[in-house]
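Going by full-length UniProt numbering, 310 is the number at position 310 of the sequence shown; the sequence numbering is gapless.
Quick reminder that beta carbons are idealized off the backbone N, C-alpha and C, glycines included.
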Amino acid sequence: MLGVGLIGTGFMGKCHALAWNSVRAVFGDVPAVRLVHLGEANTELAVRRANEFGFQKASGDWRAVIDDPQVDVVSITTPNQFHPEMAIAALKAGKHIWCEKPMAPTFSDAEAMLAAAKKSGKVAALGYNYIQGPAIRHIRKLLAEKIIGDINHLRIEMDEDFMADPDALFNWKHEATSGYGALDDFAVHPLSLLFTLFGRVSRVMCDMSKPYATRKTANGTDRAVETYDSASVLMHMENGVAGTLQANRSAWGRKGRIALQVFGSKGSILFDQERANEFQLYVTADRATEQGYRTILTAPHHEPYGQFIPAPGHGLGFNDLKIIECHELIKRINGQPAHLIEFADGLEIERTVHAMARSYQEQRWVDVR
1 MLGVGLIGTG FMGKCHALAW NSVRAVFGDV PAVRLVHLGE ANTELAVRRA NEFGFQKASG
61 DWRAVIDDPQ VDVVSITTPN QFHPEMAIAA LKAGKHIWCE KPMAPTFSDA EAMLAAAKKS
121 GKVAALGYNY IQGPAIRHIR KLLAEKIIGD INHLRIEMDE DFMADPDALF NWKHEATSGY
181 GALDDFAVHP LSLLFTLFGR VSRVMCDMSK PYATRKTANG TDRAVETYDS ASVLMHMENG
241 VAGTLQANRS AWGRKGRIAL QVFGSKGSIL FDQERANEFQ LYVTADRATE QGYRTILTAP
301 HHEPYGQFIP APGHGLGFND LKIIECHELI KRINGQPAHL IEFADGLEIE RTVHAMARSY
361 QEQRWVDVR
């Protein structure tokens, strides 16, 4: 039985806990897991969350989770800057890792994480759950089948409004220690889709901006914002396709938008994560009199939708994608092929992010490699 440890119990920590609690009930083909040890910033919070999530033990020190001999795999869902130390320590302790994205604020830390994973021989996966959606999985199949012909252009955007309020207080995501901002906290998700569907990015030209240069602190003083809430990128993929990426954390009205447009020689495909249970398909093979975008609703024949719901069109949610990712992680730990972004591929996403940041700093096109 796989012993699970969890460090961090915020938005993504709860999401991981729900996945660990549900994965066997949904899929049925994995062994039962045991929720062993939960770690938080203090013991009181840890005990409360352990009772809520179903963990047997609770600690106010994350090291106790990693040192626990009954823990086989550790979910790391803390703020970005804590990922490297925790992941490397867990790998050295012989634990498998399920770490939320991004890997680390600095590329050198991300490289150290990958080196530790290779040395340990343990599975080290990253939390890129959007690649798990049944619609995205099916789009990948359609692209492989060339249903829209040869791809000639793509566009991808990610927009949310959690940084849109100019009166919101300064928080840790405004600090340079958290990374660049929209690029690595945020745009890594659309990059994970690009990596899964099209492969690596080869060249980039990036611009970044700060919609609000200062934020009020809790004591009422102004503090300079050190990260960038929006980014616009021109890019070329290694397969020759050109495209654009745009990310904005200050986009009023957008809640969870990852909009993908793929244009080919025989049609196009449109997808928006805010409508995650459908995508639009246009194919020139249709008669001219009926040509137009058709809406494809996800259904049991779009795997693994049927593991959750036997009826089409009812829809999966964000937490369901995490359950799918958890299932893939367990498969990988058990030595089976899995649809995951592990540290090696994650490092390529990090490499792309840092190339984009360097492009902005140097005001020029930059080769990713």
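DSSP-derived helix/strand/coil call for residue i
i	result
A19	helix
I341	coil
V233	strand
V33	strand
Q363	coil
I258	strand
D185	helix
G127	strand
K146	coil
L347	helix
G13	helix
E175	coil
Q132	helix
A168	coil
Proximity to residue i [Cα-Cα], best of the options
i	options	result
L2	K95, P79, F279 and Q261	K95
V366	T289, A285, V201 and D229	V201
A87	K14, Q56, I7 and E145	I7
H302	V33, I330 and R137	R137
G60	K118, A144, I258 and E40	E40
W252	R364, P211 and L169	P211
I196	H16, N239, A213 and T227	For the sequence presented, residue 196 should be read as Thr rather than Ile. Among H16, N239, A213 and T227, the Cα nearest to that of T196 belongs to N239.
Y305	E325, Q291 and L281	E325
Q336	A25, D29 and N21	D29
T177	E226, I330, F186 and R49	E226
Q361	R249, A288 and S209	S209
Y130	R332, Q70, N51 and I341	I341
S232	Q363, P166, R332 and K146	Q363
M12	A338, I323 and E348	I323
K14	G181, K141, F55 and R249	F55
I147	K266, G199 and A58	K266
H339	S192, V26 and K173	S192
C206	G220, K216 and Y228	Y228
L260	T298, L114, N171 and L154	L154
N277	L143, P300, V262 and T284	P300
A116	V241, F343, A355 and A311	F343
F53	V23, R63 and L18	L18
L234	Y128, L321 and A357	A357
M237	S230, G220, F198 and S250	F198
V204	R223, G243 and A224	G243
G149	S22, F263, L38 and R24	F263
L169	R215, L194 and L142	R215
F27	G315, Q81 and Q307	Q307
P312	A288, A135, E44 and I330	A135
D109	S120, A124, V123 and F82	F82
Q132	N219, E328 and E350	E328
N319	R254, Y128 and L194	Y128
residue 439	T217, A90 and G181	Nothing in the structure corresponds to residue 439, since the chain is present only between 1 and 369.
For residue i, the residue or residues it bridges with in DSSP
i	result
S209	S230
G5	H37 and V74
H153	A242 and F263
D222	K216
T248	Position check: residue 248 holds Asn in this sequence, whereas Thr was assumed. N248 pairs with D159 and S230.
R203	H236 and D367
Rounded distance between the beta-carbons of residue j and residue i, thought under 8 Å
i	j	result
G346	M103	5 Å
P105	G179	4 Å
P190	M163	Contact flag wrong, Cβ pair sits at about 17 Å.
V4	W20	5 Å
L126	K101	5 Å
R257	Q280	Contact flag wrong, Cβ pair sits at about 15 Å.
I76	I97	7 Å
I156	L245	5 Å
V368	V188	Contact flag wrong, Cβ pair sits at about 14 Å.
A247	L297	The Cβ separation is near 28 Å, so there is no contact.
V241	N152	7 Å
D161	K173	Contact flag wrong, Cβ pair sits at about 14 Å.
(request) Starting from the N-terminal side, write out each stretch of the beta strand (DSSP E) that is 3 residues or longer and does not extend beyond the region 41-125. (result) 57-59, 73-76 and 96-100
(message) To test your reading of the DSSP string, which unbroken alpha helix (DSSP H) runs of 4 or more residues are found completely within the region 267-320?
(response) none
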